[in-house]
Amino acid sequence: MADYWRKQQPGQSLYGDILWSRPERRDQAGRLTIIGGNSHGFSAVASAYQLARQLGVGEVRAVIPDALGAKLPTAVRRQLDDLILAPSNPSGGLALGAERDLAVVAGWSNNLLFIGDNGANAETAKLLERFLTNPAHQETRVTLARDTIDLLVYSAEALLARKNCHLVLSLAQLQKLARAVYYPRVITFSQGVKQIAETLHKFTISYRVVITLFHDDNLLVAGEGEVISQPFAQPMRVWSGEVATREAAWSVWQPDIIKATATGWMEL
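In structure tokens, the structure reads:
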């Protein structure tokens with residue numbers, strides 16, 4: 012096996028010291044903000060919020076479009092006990108006016124999780140691009156998942172150059188990003204884990220982001236040329252946003268995103 016690639020087995024953490032150092036006191040367990048939703052969907056935000064609390068994140072906040080305000084069931088509203096209703100556009104997604112709210116939570120949080128359910132909305136895409144490329148927020152750690160990635164394909168060059176940025180994506184989304192930046196290496200679904208690991212190794216040498224990818228019954232995480240994989244055969248837990256939420260929670264506590272991600276897999 013290549014020296015850049017390490018394999019982790021379920022229940023056998025490569026970073027046992029990190030696994031056992033999770034903060035026990037909530038006032039020392041960091042802050043996570045979960046961002047997403049549109050007028051037609053909020054389940055990913057609600058599920059991620061509850062999971063983050065269960066995992067032990069000290070304080071969890073959610074930012075959703077104000078178009079959802081009147082649509083949230085009472086039970087869900089009670090669960091989301093720290094909620095910001097940000098400006099929405101006519102399509103029900105986050106509007107450009109929500110940038111001020113994102114700036115506020117960026118200053119409050121240890122990590123921002125953009126969980127998706129955004130809808131195919133050009134204004135929301137512009138909002139995300141403006142926020143993520145704003146020099147004032149370049150030190151802000153972000154985790155991007157699900158359809159958030161699709162909204163940012165046309166901003167791929169700036170996105171991939173961003174530090175403190177973790178993309179939890181599908182192989183199809185990686186293909187889109189690679190095409191958008193004219194990446195010369197071919198990426199196909201027929202390639203095995205070994206070939207994909209090599210691609211991620213080279214891709215993350217060229218670009219600063221950290222990438223989590225599900226492929227061929229494996230989870231892989233890569234950054235700065237380093238790759239870690241673990242057998243995993245439950246893709247719906249990736250597509251639902253659960254894996255991204257677990258990784259984002261561990262990234263609140265652990266400054267090394269790759270180590271945080273691999274450690275978070277231990278509880279899957």
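In this note's numbering, the protein residues as written are 12 to 279.
Every residue gets a Cβ at the ideal spot worked out from N, C-alpha and C, and that includes glycine.
Every value quoted in this text rests on a predicted model; they were computed, and no experiment measured them.
Residue i, buried or exposed, once every other Cβ within 10 Å from all chains shown has been counted against 16
| i | result |
| --- | --- |
| residue 109 | buried |
| residue 148 | buried |
| residue 201 | exposed |
| residue 247 | exposed |
| residue 154 | buried |
| residue 128 | buried |
| residue 31 | exposed |
| residue 130 | buried |
| residue 193 | exposed |
| residue 244 | exposed |
| residue 136 | buried |
| residue 16 | buried |
| residue 13 | exposed |
Cβ shell of residue i (< 7 angstroms), same chain only, five flanking positions each side left out
| i | result |
| --- | --- |
| residue 33 | 67, 264 |
| residue 77 | 96, 97, 98, 99 |
| residue 79 | 48, 50, 53 |
| residue 117 | 123, 148, 151 |
Residues that residue i bridges to, as DSSP identifies them
| i | result |
| --- | --- |
| residue 180 | 224 |
| residue 207 | DSSP lists no partner for residue 207. |
| residue 154 | 124, 177 |
| residue 43 | 71, 122 |
| residue 138 | DSSP lists no partner for residue 138. |
| residue 233 | 222, 238 |
Close-in-space but distant-in-sequence residues of the same chain around residue i (CB under 8 angstroms, 5 per side omitted)
| i | result |
| --- | --- |
| residue 87 | 53, 57 |
| residue 196 | 189, 210, 213, 214 |
| residue 272 | 177, 221, 223, 232, 239, 258, 261, 262 |
Cut-off 6 angstroms between Cβ atoms - residues of its own chain near residue i, not counting five sequence neighbours on either side
| i | result |
| --- | --- |
| residue 186 | 198 |
| residue 26 | 270, 274 |
| residue 59 | 45, 126, 252, 256 |
Beta-carbon gap between residue i and residue j smaller than 8 angstroms
| i | j | result |
| --- | --- | --- |
| residue 204 | residue 255 | no |
| residue 170 | residue 138 | no |
| residue 268 | residue 221 | yes |
| residue 182 | residue 231 | no |
| residue 207 | residue 226 | yes |
| residue 22 | residue 277 | yes |
Whole alpha helix (DSSP H) elements within the stretch 76 to 120, 4-residue minimum:
DSSP runs (the alpha helix (DSSP H)) wholly in the stretch 76 to 120: 85 to 90, 110 to 119.
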